[in-house]
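Enquirer: Let me give you the structure first, and then I'll get to my questions.
Residue numbers (the numbering used here): 90 to 372.
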């Protein structure tokens, strides 16, 4: 099995801290369907802010397993056209994709991604082709006996200089993981994640900016509990006093409801609290 790409080294703790919390969007609605020949259609609607307009996107995805060719086309209510062309298995472990985005008269972008995965390493490169100053972002991860290490760097092609870099090191055991990252801004993170049992997960992340004198360490703690096969409860607490709660329920096969809230425990009398929900259909 290949090691994860650099951005996924800490995926377990990042998902625990960030995934399936619904307070950030006052309302969200998803519909996904699949045809008999495998074409997938989706409709996603979000209300980014309370009483604000909806952000909506429709998307179609086609995959040909024999050739490894995939095409995804999306169109949003802001007239943004996003296309992703994927080509996998030219050689074992090699995957290429071209992602373009076009908003007529406003903005355009094109990114070429290449990923090469082997049993002991995974390498990835991304070329941003539309910027006035083209850039390249590359990363490499290696794994051995539960230890995964990786590095990422950004390169400004026009300036001929490295624009950013980061390093990560993690250890994965059967039921827990430990990790640490450091980037060129001297922002350091340390995290742990544990599967306590089949129903309970816990994790925490500490972040510190070493550039700032007397910098405080920001700490987040989260937990995920599965009361039964059709529901989950999540909670997150940060040292700044922000408490976030979420509940997800499978109402029936293919229909999922999620509700979430966030409130500042240090400012209970102020209007800074958030509430959101999400309803998803999958057929």
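Think of the CB as a built atom: it goes at the ideal place given N, C-alpha and C, for glycine as much as any other residue. In this text, all values refer to a predicted model and were calculated from it rather than measured experimentally.
#1: For residue 194, decide whether its Cβ has a neighbour in chain D, counting only Cβ atoms nearer than 7 Å.
#2: Expressed to the nearest angstrom, what Euclidean distance is found between the alpha-carbon atoms of residue 325 and residue 294?
#3: Identify the continuous alpha helix (DSSP H) that holds residue 245 and give its terminal residues.
#4: Going by DSSP in three states, residue 109 sits in which element: helix, strand or coil?
#5: Locate the beta strand (DSSP E) running through residue 265, then write down its first and last residues.
#6: Spatial neighbours of residue 178 within its chain, please: CB distance less than 7 Å, with the 5 preceding and 5 following residues excluded, ordered by chain position.
#7: Tell me whether residue 246 is buried or exposed, calling it buried when 16 or more other Cβ atoms sit within 10 Å of its Cβ.
#8: DSSP state of residue 140, grouped into three classes?
#9: Counting only the same chain and skipping the five closest in sequence on each side, list residues whose C-beta sits under 6 Å from that of residue 256.
#10: Buried or exposed: where does residue 93 fall if 16 or more other Cβ atoms within 10 Å of its Cβ makes it buried?
#11: Which ranges would you report for the beta strand (DSSP E) in the stretch 254–313 if only whole runs of at least 3 residues count?
#12: So what's residue 188 in DSSP terms, helix, strand or just coil?
Expert: Put simply:
#1: Within the model displayed, chain D is absent; a lone protein chain is all it includes.
#2: Rounded to whole angstroms, residue 325 to residue 294 spans 11 Å at the Cα level.
#3: Not the alpha helix (DSSP H): residue 245 falls in the beta strand (DSSP E), residues 236–245.
#4: Here residue 109 sits in coil by DSSP.
#5: Note, residue 265: beta strand (DSSP E), 265–272.
#6: The beta carbon of residue 178 sits closer than 7 Å to the beta carbons of 157 from its chain, once the five residues preceding and following it are set aside; these are given in chain order.
#7: Label assigned to residue 246: exposed.
#8: Three-state DSSP puts residue 140 in coil, outside helix and strand.
#9: 240, 271, listed in sequence order.
#10: Label assigned to residue 93: buried.
#11: Within the stretch 254–313, the runs of beta strand (DSSP E) at least 3 residues long that lie entirely inside it are, in chain order, 265–272, 276–284, 289–298.
#12: Correct three-state label for residue 188: strand.
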